[in-house]
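Residue numbers (the numbering used here): 16 to 401.
First comes the structure, then the notes that go with it.
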Amino acid sequence: MSRLTSTTEILEALVGFDSTSRNSNLAIVGWIEAYLDRLGVAHERIPDQTGAKANLWATIGPAGRPGYILSGHTDVVPVDGQTWTNDPFRLTARGGRLHGRGATDMKGYLACCLAAVPEMVAGRLATPIHLSFSHDEEIGCVGVRTLIAHLGAAGIKPAGCFVGEPTSMNVVTGHKGKRSFRVEVRGRTCHSSLAPQGVNAVEYAARLIVKIRDMADRLAREGARDPLYDVPYTTIHTGVVAGGTALNIVPDACSFQFEFRPIAADDLDALTGEVMAYARERLEPEMQRVAPEAGFTFDVMSGFPGLDTPAAADAVALAKTLAGRNAHSKVAYGTEGGLFAQAGIPTVVIGPGSIEQAHKADEFIAASELEACGTFLDRLIAHCRG
Ligand SMILES: [Zn+2]
C-alpha cells in the first residue's frame, strides 16, 4: 500500500471523530493508541483535570537522546452555522482534494505523521522522533501546556519541534503572541438629571478604550517593526463593550474586552502596565472623588506567547533542508509553537495544507500537500537514522 493511500485511510478515520473542542477527545486518542499498539510503539496519555480530555505523547527511537517533536492538535473548530456540501465528519474526495472538518487544520498532518510511523519503527533511529498530539488548541493552546510541563518535569529536552499547522510546507519561524483582557468598570448610579453626583461607568470605559487606541496608533506610527509580518508592528484592539440600561440612568457598570497581538521586539508587560497605570493613576482618582467604590478590574482572558525562532537556529536550517526550501516566513495566526519555544525547545511551524482552508465550510487538503509532507517526514527519518 502506498504512503498516500495509508495517509488517506488514517485521515478518513481521524476526520470521522467529531473532536470539536467542546467534546471529549478520548475517542480519537483511543483510536491513535490502538494504531500505535499494532506497531509496537509505546505511548502515554497526559490527561486534563477533568479526565475527559488528554494529550498523547509517543516516542520512536532511543528516548534518552534529544530528538524531534512532531506537534499537532486533535481538536477542531465547530461546524455550527456553516453550510457544507457533504457531511463534515466524513472524508470526501473531490478532484485531488480531500474535504472534511480538520482535513487541513490539522488532522492531515496527524495522518501524515502516523502513516510514517512504520518507517520510523523500521528505521532503527539513532535520534528519537516524538509525537505530541494535544487537546484544546483551538480554544487558546490550552491542552499542550500540561504536556510541556510534563516534559520539563521528566527532564526531556528535545533538539527541536515541528508544529504541523498548515503552512503549505513553508518554513515558518515566527508568529505574534496574544494576550486578551476583560475589564469591569464600576461606577455609581443616579438619575441622569443629577449626573455629576454619579460616576458614569460607560464614560470611564470609553476613556480607557481611547487610551488603548492612542497606544495602538503610537505603535503603528513609531513602534518596533518586523517586516516579515503583513501588519509589521504590535496591534491592540477593543472588540466587545457592554454597559448601561436606559438613557435616564447614569450607568454604574460597563465591561469591555481588548487584546494585544505583540511582535517579539515589544515588551508586552510594559504595554499592559501602561494601560493599567492610566486606569489606576489617571482615571480612578477622579472616579473615587465622587464614589470611593468606583474603579477598574482587569482579568486576563487568554493568551499565548509569540514565536520568534532565530533564522540561524539549527532547527530552521534542518526544516529548510527537509522541506527543500531556502526561504522562511512568519504568519499571522498563533500556534502552540510559542509555548514549546518558551520551554527552550527550538521550534518551527511547518505543515501541509493552506490556512486559507482552515476553519471554513468545505475545508479541504490537497492530496499533493499530504505527499509533500510525507517527503518531509521521510527525510526527517533518514536524518534521524544518521
Ligand atoms: Zn490548528
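Note that beta-carbon positions come from the ideal geometry of N, C-alpha and C, so glycine has one too.
On a predicted model such as this, the values are computed, not experimentally measured, just so you know.
Here DSSP, grouped into helix, strand and coil, assigns leucine 54 to coil.
Phenylalanine 391 and glutamate 371 have their C-alpha atoms roughly 21 Å apart. Alanine 332 is not bridged by DSSP to any residue. Rounded to the nearest angstrom, the gap between the Cα atoms of alanine 239 and methionine 316 is 25 Å. In the structure shown, the three-state DSSP call for valine 159 is helix.
Under DSSP, lysine 345 takes part in a beta bridge, and its partners are Gly189. The Cβ atoms of threonine 204 and valine 265 sit closer than 8 Å to each other.
As a beta-bridge residue in DSSP terms, phenylalanine 319 pairs with Lys193.
Apart from the 5 residues on each side of it in sequence, cysteine 388 sits with its Cβ closer than 6 Å to the Cβ of Cys127 and Pro367 in its chain, given in chain order. For alanine 57 and lysine 122, the gap between their C-alpha atoms comes out near 21 Å.
Secondary structure of alanine 239 (DSSP, three-state): coil. Distance between valine 256 and glycine 138, taken at the CA atoms: about 56 Å.
Annotation: asparagine 185 to histidine 343 spans about 7 Å, alpha carbon to alpha carbon.
For the alpha helix (DSSP H) assignment, the uninterrupted runs of no fewer than 4 residues enclosed by the segment 18 to 68 are, from N- to C-terminal side, 18 to 30 and 41 to 53. Here DSSP, grouped into helix, strand and coil, assigns histidine 398 to helix.
With at least 16 other beta carbons inside 10 angstroms of its own, alanine 220 counts as buried. Along the segment 223 to 275, the beta strand (DSSP E) occurs as fully enclosed runs of 3 or more residues at 250 to 258, listed in sequence order. A contact is defined here as three or more CB-CB pairs under 8 Å, and the segment 185 to 200 meets this definition with respect to the segment 273 to 293.
Valine 290: not part of any beta strand (DSSP E); member of the alpha helix (DSSP H) spanning 283 to 292, first to last residue. Residue state for serine 183 is assigned as coil, using DSSP reduced to three classes. Spanning the alpha carbons of glutamate 384 and leucine 54 requires a straight line of approximately 25 Å. In the DSSP secondary-structure assignment, serine 207 is not bridged to any residue. For the 8 Å CB-CB criterion, valine 364 and valine 92 do not form a contact. It is roughly 10 Å from the alpha-carbon of threonine 142 to the alpha-carbon of alanine 397.
According to the DSSP assignment, alanine 358 belongs to no beta strand (DSSP E), since it is labelled neither H nor E. In the DSSP assignment, leucine 113 falls within the beta strand (DSSP E) that extends over 112 to 114. The C-beta of aspartate 90 has 16 or more other C-beta atoms within 10 Å across all chains shown, which makes the residue buried. Two segments are said to touch when three or more pairs of C-beta atoms, one from each, lie closer than 8 Å; by this definition the segment 222 to 241 does not touch the segment 324 to 339.
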